[in-house]
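Asks: The structure under discussion is supplied below as structure tokens; questions concerning it will follow.
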Amino acid sequence: MENLQSIALDKNLAKLGDNLVNLIYSLALTLVSNCAQGKKVSDKILAKALQDAGLRRYLPKRLTTHDRGDAVEAILAYLWLNNRLDINEAAVFLSKYLSKESLKSKEIELFEASNAFKELLKLYLSKKQFLLLTNNFFD
């Protein structure tokens, strides 16, 4: 059985998750702006989302911001690979937390995007069906 730490630290999942997260975020921004967007999500945004979602405590202490960003990417890739995350649903969900202002200001983007990803993590990691994947997910 896999637990959150082993999933979050899986570099192959993080590589896949990097593209997945950028796609979902770009789709969400496209929905918000009514104009096609192609944006990369910074590690700072994802690291803050990880912390704010209360998941940081399940990972080793000495992780860089990049490592914490990779952890979020790996978790979301794992969810997607296990048919627990739908790309379109995730994009629509994120778009509810974003505004056009996040395209104009790095500070607003950090606040809105990290909050959006925090809520996405909380939503998917609280689903009973996901927790059934592994009995000891949070161990």
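In our numbering, the protein residues as written are -17 to 121.
Backbone N, C-alpha and C fix where the C-beta goes; we use that ideal spot for every residue, glycine too.
Just so we're clear, the structure is a prediction, and the values are computed from it rather than from any experiment.
If you count every other CB in all the chains shown that lies within 10 Å of the CB of Leu102, and 16 or more means buried, which is it?
Replies: Leu102 is buried by the Cβ-count criterion.
Asks: Using the Cβ count rule (16 or more neighbours within 10 Å means buried), how would you classify Asp134?
Replies: Because the chain in this structure spans residues -17 to 121, residue 134 falls outside the shown range and cannot be described.
Asks: How is the alpha helix (DSSP H) around Ser8 delimited, first residue to last?
Replies: Taken as a continuous stretch (DSSP letters only), the alpha helix (DSSP H) holding Ser8 covers -7 to 15.
Asks: In this structure, does DSSP put Asn(-15) in helix, strand or coil?
Replies: Reduced to three states, the DSSP call for Asn(-15) is coil.
Asks: Answer yes if the segment 74 to 85 comes into contact with the segment 45 to 63, meaning at least three C-beta pairs across the two stretches below 8 Å, and no otherwise.
Replies: Touching, no.
Asks: Could you compute how far the alpha carbon of Leu32 sits from the alpha carbon of Ile57?
Replies: So the alpha carbons of these two residues sit roughly 10 Å apart.
Asks: Around the C-beta of Ala(-4), are 16 or more other C-beta atoms found within 10 angstroms, so that it is buried, or is it exposed?
Replies: With 16 or more Cβ atoms within 10 Å of its Cβ, Ala(-4) is classed as buried.
Asks: So the candidates are Arg38, Arg44, Ser84; which of them puts its Cα closest to the Cα of Lys104?
Replies: Among Arg38, Arg44, Ser84, the Cα nearest to that of Lys104 belongs to Arg38.
Asks: Could you tell me the boundaries of the alpha helix (DSSP H) in which Glu89 lies?
Replies: Per DSSP, Glu89 belongs to the alpha helix (DSSP H) from 88 to 107.
Asks: Counting only the same chain and skipping the five closest in sequence on each side, list residues whose C-beta sits under 8 Å from that of Asn70.
Replies: Excluding residues within five positions, the ones whose Cβ falls inside 8 Å are Leu9.
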